[in-house]
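With our numbering, the residue at position 249 of the sequence shown is 1115, and numbering never jumps. Each residue gets a CB set at the ideal place from its N, CA and C atoms; glycine is no exception. No experiment lies behind these values; they were computed from the predicted model shown.
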Amino acid sequence: MKKDGEKRINLKFTIAYDGTGFAGFQRQAAGERTVQGVLEEAFYKLTGEYPRLIAAGRTDTGVHAYGQVINVVTGSRIPVDRWLAALNSKLPRDVVAWQVEQVPLEFHARYHAKSKVYQYRVLRRPWPDVLRRNYCLHCPDELALEPMRKAASYLVGRKDFAAFAAAGSPVKSTVRNLMRLEITEKDDELIFILEADGFLYKMARNIVGTLLLAGRGKMTPEEIRLVLEEKNRAACGPPALPHGLCLVKVDYPPVDVSNKD
867 MKKDGEKRIN
877 LKFTIAYDGT
887 GFAGFQRQAA
897 GERTVQGVLE
907 EAFYKLTGEY
917 PRLIAAGRTD
927 TGVHAYGQVI
937 NVVTGSRIPV
947 DRWLAALNSK
957 LPRDVVAWQV
967 EQVPLEFHAR
977 YHAKSKVYQY
987 RVLRRPWPDV
997 LRRNYCLHCP
1007 DELALEPMRK
1017 AASYLVGRKD
1027 FAAFAAAGSP
1037 VKSTVRNLMR
1047 LEITEKDDEL
1057 IFILEADGFL
1067 YKMARNIVGT
1077 LLLAGRGKMT
1087 PEEIRLVLEE
1097 KNRAACGPPA
1107 LPHGLCLVKV
1117 DYPPVDVSNK
1127 D
């Protein structure tokens, strides 16, 4: 609660976390360990107040982030340039705040986001890698790149992604602009890069899971195009497992730093 004469500022943080030990980002009523819960506890230890923490997106159980963005309005007197050291001193080792700046009070990490970039990593070799088991989907099968890339080309653009949303997603519209969907090779990994103005619940994982079916020869690119056009969730592939997914970046329009107070 704001006290009389108290100056409140809005802080924008960029956060990285290993999602392995979390039941997703959003605080859960049942009390599971979540990224939001850990962050709010750290803010409380520093300021004595539980913040209204706003995130750019709510990653699912087991999903990682390098570029998650949150904003917090606070009356704390901690100088902006001291916040990273202060906050990280209260956070566990699987969460790190690595960037902070003061932004206008009206800045909203979710509503003002211009686009989000996710990366999905697939390990292609016969045996798993113990050091990458929490960060890559192990796929010993042969994967054909050309059908996956052809199918991906059908998904790029402003489309209705109802077929790639989890059943029962409470959203007003399932139309999203998928600006980029790239599949690249790096050593023994396939890396999917997805950039959109917004993602439906499990949309990124459903897209990757369906494209992997094309890579295995179990769906054709044309069948995937029909899944999209006919909004047929039942014909879509299963979602790729969460541990291969990482939120790598959230883009925003330029911030008017002259209006921070």
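Along the segment 1040 to 1123, the beta strand (DSSP E) occurs as fully enclosed runs of 3 or more residues at 1041 to 1052, 1055 to 1062 and 1111 to 1117, listed in sequence order. For residue 953, the uninterrupted alpha helix (DSSP H) run begins and ends at 949 to 954, by DSSP. With fewer than 16 neighbouring CB atoms inside 10 Å of its own CB, residue 1053 falls in the exposed class. In this structure, 983 is the residue among 983, 1008 and 997 with its C-alpha nearest to the C-alpha of residue 923.
By alpha-carbon distance to residue 988, the top candidate from 1004, 979, 995 and 999 is 1004. By the beta-carbon neighbour count (other beta carbons within 10 angstroms, threshold 16), residue 1050 is exposed. Counting only the Cα atoms, residue 994 lies some 23 Å from residue 1113.
Residue environment: residue 965 is assigned as exposed (fewer than 16 neighbouring CB atoms within 10 Å of its CB, all protein chains considered).
Note: residue 1024 is bridge-paired with 1043 in the DSSP secondary-structure output.
The count of Cβ pairs closer than 8 Å, one atom from the segment 898 to 916 and one from the segment 966 to 975, stays below three, leaving the stretches out of contact.
Restricted to the segment 974 to 1014, the beta strand (DSSP E) segments that are unbroken, complete and at least 3 residues in length are 981 to 989, listed in chain order. In this structure, the beta-carbon distance from residue 1067 to residue 1032 falls below 8 Å.
In this structure, the alpha-carbon of residue 926 lies about 32 Å from that of residue 944. Secondary structure of residue 886 (DSSP, three-state): helix.
Only buried fits residue 1061, as 16 or more other CB atoms lie within 10 angstroms of its CB.
Under DSSP, no beta-bridge partner is assigned to residue 929.
Straight-line spacing of the CA atoms in residue 1029 and residue 947 works out to 45 Å. Counted as a single uninterrupted DSSP element, the beta strand (DSSP E) harbouring residue 961 occupies residues 961 to 969. Of the other Cβ atoms in all chains shown, 16 or more fall within 10 Å of the Cβ of residue 978; this residue is therefore buried. By the CB criterion at 8 Å, residue 921 and residue 934 fall inside the cutoff.
Using a Cβ distance threshold of 8 Å, residue 917 and residue 938 count as a contacting pair. Separation of the CB atoms of residue 1065 and residue 1091 is rounded to 20 Å, and the pair is thereby denied contact status at 8 Å. A check of alpha carbon separations from residue 885 across 899, 1047, 1083 and 1115 identifies 899 as the nearest. Judged by beta-carbon spacing, residue 930 lies beyond the 8 Å limit of residue 986, meaning their Cβ atoms are not closer than that value.
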